[in-house]
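Notes to accompany the following structure.
Protein chains in written order, with my numbering: chain A, 1 to 113; chain B, 1 to 113.
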């Protein structure tokens with residue numbers, strides 16, 4: 001089982017502040033990394049699919065970067081809003097584990113007004 | 001509407017009584033997968049299927065069976081459920097299994113007493 005780590009486990013952010021958190025993964029045999037947003041009582045929803053070193057993706061106020069050589073991805077939330085409150089999951093797949101995505105335990109973000 | 005449909009949403013059963021959780025997708029996705037989610041552990045992959053009649057074990061397959069006789073359906077079978085299979089289960093599908101992100105079902109909360 002590959003070791004995908006997310007940090008911090010949780011964070012509290014004031015409305016309007018920006019924040020970021022990390023997904024770390026083994027750097028060898030990288031194939032793809034996904035970010036998901038998971039709101040309470042709902043299903044995880046895909047945010048980004050990242051495959052190339054140096055990839056940067058953006059969706060509204062949320063963006064992500066990818067460094068496959070050092071094995072990490074950052075997710076940024078700019079100007080946090082209460083509706084950004086959710087658990088953010090990353091999932092990782094290698095070239096030698098086709099079809100097997102390993103999920104991190106998630107970073108829970110709570111945005112307070 | 002494009003979706004993954006899981007049934008039932010909630011299930012309480014007794015140890016040893018065989019059960020099936022159904023999963024169906026209407027997006028013509030080749031790839032389907034089952035995950036279980038337990039507190040602090042993130043999503044762990046049980047089984048996945050790259051196409052009809054092709055299934056493979058994930059990280060925690062013990063105690064589960066699956067079948068993929070049709071492209072749209074991927075049922076999860078617990079032949080003899082035990083209390084340690086009490087969990088939240090998600091079915092997910094994707095077009096190619098790597099590049100487009102998963103679409104998740106709404107989840108099945110299973111309690112085995």
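Yeah, the Cβ is synthetic: ideal placement off N, Cα and C, and Gly gets one too.
Beta carbon of residue i, beta carbon of residue j: below 8 Å?
i	j	result
residue 36 (chain B)	residue 89 (chain B)	yes
residue 9 (chain A)	residue 107 (chain A)	yes
residue 18 (chain A)	residue 80 (chain A)	yes
residue 64 (chain B)	residue 47 (chain B)	yes
residue 3 (chain A)	residue 26 (chain A)	yes
residue 73 (chain A)	residue 33 (chain A)	yes
residue 6 (chain A)	residue 21 (chain A)	yes
residue 106 (chain B)	residue 6 (chain B)	yes
Do we get a CB-CB distance below 8 Å when we pair residue i with the residues of chain A?
i	result
residue 63 (chain B)	no
residue 104 (chain B)	yes
residue 110 (chain B)	no
residue 100 (chain B)	yes
residue 107 (chain B)	yes
Is residue i helix, strand or coil when you go by DSSP?
i	result
residue 59 (chain B)	coil
residue 9 (chain A)	coil
residue 84 (chain A)	helix
residue 6 (chain B)	strand
residue 105 (chain A)	coil
residue 38 (chain B)	strand
residue 21 (chain B)	strand
residue 65 (chain B)	strand
residue 44 (chain B)	strand
residue 80 (chain B)	coil
residue 14 (chain B)	coil
Counting only beta-carbon atoms, is residue i nearer than 8 Å to chain B?
i	result
residue 79 (chain A)	no
residue 57 (chain A)	no
residue 111 (chain A)	no
residue 12 (chain A)	no
Run down chain A in chain order and give the residues with a C-beta less than 9 Å from the C-beta of residue i.
i	result
residue 47 (chain B)	None at all; the shortest Cβ gap to chain A is about 10 Å.
residue 50 (chain B)	98, 99
residue 31 (chain B)	99
What residues of chain B sit near residue i, judged by a beta carbon separation below 7 Å?
i	result
residue 44 (chain A)	104
What does residue i touch in chain A if you count any residue whose Cβ is under 7 Å from its own?
i	result
residue 76 (chain B)	What residue 76 (chain B) touches in chain A: nothing, since even the nearest Cβ is about 16 Å away.
residue 56 (chain B)	99
residue 41 (chain B)	105
Quick one: list the residues of chain B neighbouring residue i, beta-carbon separation under 9 Å, in chain order.
i	result
residue 89 (chain A)	42, 43
Unbroken stretches of the alpha helix (DSSP H), 4 residues or longer, contained in the region 1-66 of chain A: none
Residue ranges of each beta strand (DSSP E) within the region 84-108 of chain B, 3 or longer: 87-94
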